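Residue numbering for the sequence shown is 47 to 126, as defined by my numbering.
Report on the following structure.
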Amino acid sequence: MGRAVGSQTLKAVIRGARNQAIHWEEGQCRPATVQVFQGLAQDFGAPFGDYSTANLAMPVITLLGWRTYDDYVADMRRFS
């Protein structure tokens with residue numbers, strides 16, 4: 047599951063963010079993605095409430111603290 051990101055698991059945030067980044071232009075996200083971004087908006091505020099009008103991949107990466115490849119790898123190793 048990885049570390050907590052606000053009130054959610056890292057796994058849930060990664061999956062929701064991946065789906066949002068790919069499908070946001072369709073105008074309606076799936077319920078699980080909506081739930082993730084509503085949670086992010088509640089926990090962290092703007093811009094996470096804009097999940098149906100903008101690609102939020104970069105704000106999520108910033109929130110996760112993935113400034114370098116090593117930052118990303120450190121989180122991925124927590125899953126093993």
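Every residue gets a Cβ at the ideal spot worked out from N, C-alpha and C, and that includes glycine.
Note that the structure is predicted; figures quoted are calculated from it, not measured.
Spatially closest choice to residue i from the options, by CA coordinates
i: Thr-67; options: Val-51, Pro-77, Ser-98; result: Residue 67 is actually Ala in this sequence, not Thr. The shortest Cα separation from Ala-67 among Val-51, Pro-77, Ser-98 belongs to Ser-98.
C-alpha distance - residue i paired with residue j, whole-angstrom precision
i: Met-122; j: His-69; result: 24 Å
i: Ile-107; j: Ser-53; result: 17 Å
i: Glu-71; j: Asn-101; result: 8 Å
i: Arg-124; j: Ala-78; result: 23 Å
i: Val-59; j: Val-82; result: 6 Å
i: Gln-84; j: Cys-75; result: 12 Å
i: Asp-116; j: Gly-73; result: 34 Å
For residue j and residue i, believed in contact at Cβ under 8 Å, the rounded distance
i: Gly-48; j: Leu-56; result: 3 Å
i: Phe-94; j: Ala-103; result: No, Phe-94 and Ala-103 are not in contact; Cβ-Cβ is about 12 Å, not under 8 Å.
Local conformation of residue i per DSSP, three classes
i: Ala-100; result: coil
i: Thr-79; result: helix
Residue i and residue j closer than 9 Å at C-beta
i: Leu-110; j: Phe-90; result: no
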